[in-house]
Amino acid sequence: MVPIAYYLVLSAILFSIGVAAFLIKRNIITVFMSIELMLNAVNLTFVAFTRHWSQVTGHLQVSGQIFVFFVMVVAAAEAAVGLAIIIAVFRARNTLNVDQIDLMKL
Amino acid sequence: MHLALFIIFGGLCVAGALNLLLQRHPINSALSLIVVMSSLAVLYLLLGAEFLAAAQVIVYSGAIMVLFTFVIMLLNAGTEERTHGSKMAYVAGVPGAAILVSLLTFVFLSHRGDFASVRVGDYLATTGDLSRVLFRDLLLPFEVTSILIIIAILGAVALARKEH
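Right, here's the structure in full:
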């Protein structure tokens, strides 16, 4: 028997590591990977709360899992478009360092 | 048994995520992210989401991470260098993330009694249960996602194409 709270704490830890990696990492691909890590942490929360909701209502609930399914679909589309943008940026600027891609910075 | 599995695979998750943070070469980060995603699939299985566990392995640690490693190899990404911006990010990012995790942990653990406990085998959501909802109640959103995927593919091709 594992309390749902442990799963939520695990997902909070993963999300915070994702936030830290997003801020610290300077490679644009690694920054993008930390976004994927945050999405995964949120998915774990959804699955854990689905399970909690099933236990509270007494019968099987799947709406949270369907939410995770849609998050996965959108994440796949987002990864394809994002990596294409990274390739285009690399062609234009010849660098992957986010500190050097600052054309829109004031 | 369940607690042991949770500790093993939760520990693998955290270790992989920390390795992603600490490695300097993007390919090492990508491989540790695969570890995180595969361990998350086991945790989904423990929570009774068998379809999502399979989808996690196929979509995330399969398709998306293959895409990432392909792009890393295609662009020949090297080790990242330390810059002034990264020092600023260390000063702001690490304490911020630590505050976030301690706050969330405090909230979750102080309400531990309100949450249910998980036993393996209860409330197993099979693929049939999921598809019954997905193809009856949510048929329109499901079909709209296929349009989204097509637009994403077209956009990816248009963006990554060599300009003449």
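So the protein lines, in turn, are chains A and B.
If you read the first sequence in our numbering, its first letter stands for residue 1, the second for the next number, and so on.
If you read the second sequence in our numbering, its first letter stands for residue 107, the second for the next number, and so on.
A virtual CB, placed ideally from N, CA and C, is assigned to each residue, including glycine.
(message) Can you check whether the C-beta of V177 (chain B) is within less than 8 angstroms of a C-beta belonging to chain A?
(response) As a first step, residue 177 (chain B) must be located in the second sequence, where it is residue number 71. Chain A, which has a Cβ nearer than 8 angstroms to the Cβ of V177 (chain B), makes this yes.
(message) Just checking: is the beta-carbon of I4 (chain A) within a distance shorter than 8 angstroms of some beta-carbon in chain B?
(response) Start at 1 with the first residue of the first sequence, and residue 4 (chain A) comes out as number 4. Closer than 8 angstroms: yes.
(request) Check N125 (chain B) in the structure and name its three-state DSSP category. (result) If you number the second sequence from 1, residue 125 (chain B) lands on position 19. Here N125 (chain B) sits in helix by DSSP.
(message) Below 8 angstroms, how does it come out for the stretch 3-18 of chain A and the stretch 213-229 of chain B: are there three or more Cβ pairs, yes or no?
(response) yes
(message) When you compare the CB of F221 (chain B) with every CB in chain A, is at least one pair closer than 8 angstroms?
(response) What you label residue 221 (chain B) is simply residue 115 of the second sequence in a count that begins at 1. So, interface residue.
(request) Please name the residues in the stretch 133-167 of chain B whose beta-carbon is closer than 8 angstroms to at least one beta-carbon of chain A, in chain order. (result) S135, A136, L139, V142, M143, L146, L149, Y150, L152, L153, G154, A155, F157, L158, A161, Q162, V165 and Y166
(message) Nearest by alpha-carbon distance to F67 (chain A): which of B:M143, B:G184, B:F157 and B:E186 is it?
(response) Taking the first sequence and counting its residues from 1, one reaches residue 67 (chain A) at position 67. Per the Cα distances, B:F157.
(message) Measuring straight from C-alpha to C-alpha, what distance separates D243 (chain B) and F69 (chain A)?
(response) In the second sequence, the residue the question calls residue 243 (chain B) occupies position 137. In the first sequence, the residue the question calls residue 69 (chain A) occupies position 69. Taking the straight line joining both Cα atoms gives about 15 angstroms.
(request) Please classify A231 (chain B): does DSSP put it in a helix, a strand, or coil? (result) In the second sequence, the residue the question calls residue 231 (chain B) occupies position 125. DSSP places A231 (chain B) in strand when its eight states are reduced to three.
(request) Can you pull the chain A residues whose beta carbon is under 8 angstroms from the beta carbon of L254 (chain B), in chain order? (result) Counted from its first residue, the second sequence places residue 254 (chain B) at position 148. Residues of chain A passing the Cβ test: V73, V74 and A77.
(request) Would you kindly work out how many angstroms separate the C-alpha atoms of I28 (chain A) and L210 (chain B), rounded to a whole number? (result) What you label residue 28 (chain A) is simply residue 28 of the first sequence in a count that begins at 1. What you label residue 210 (chain B) is simply residue 104 of the second sequence in a count that begins at 1. So the alpha carbons of these two residues sit roughly 28 angstroms apart.
(request) With a threshold of 16 other CB atoms inside 10 Å of the CB of K105 (chain A), please say whether the residue is buried or exposed. (result) Here residue 105 (chain A) corresponds to residue number 105 of the first sequence, with the count starting at 1. Exposed, since its Cβ has fewer than 16 Cβ neighbours within 10 Å.
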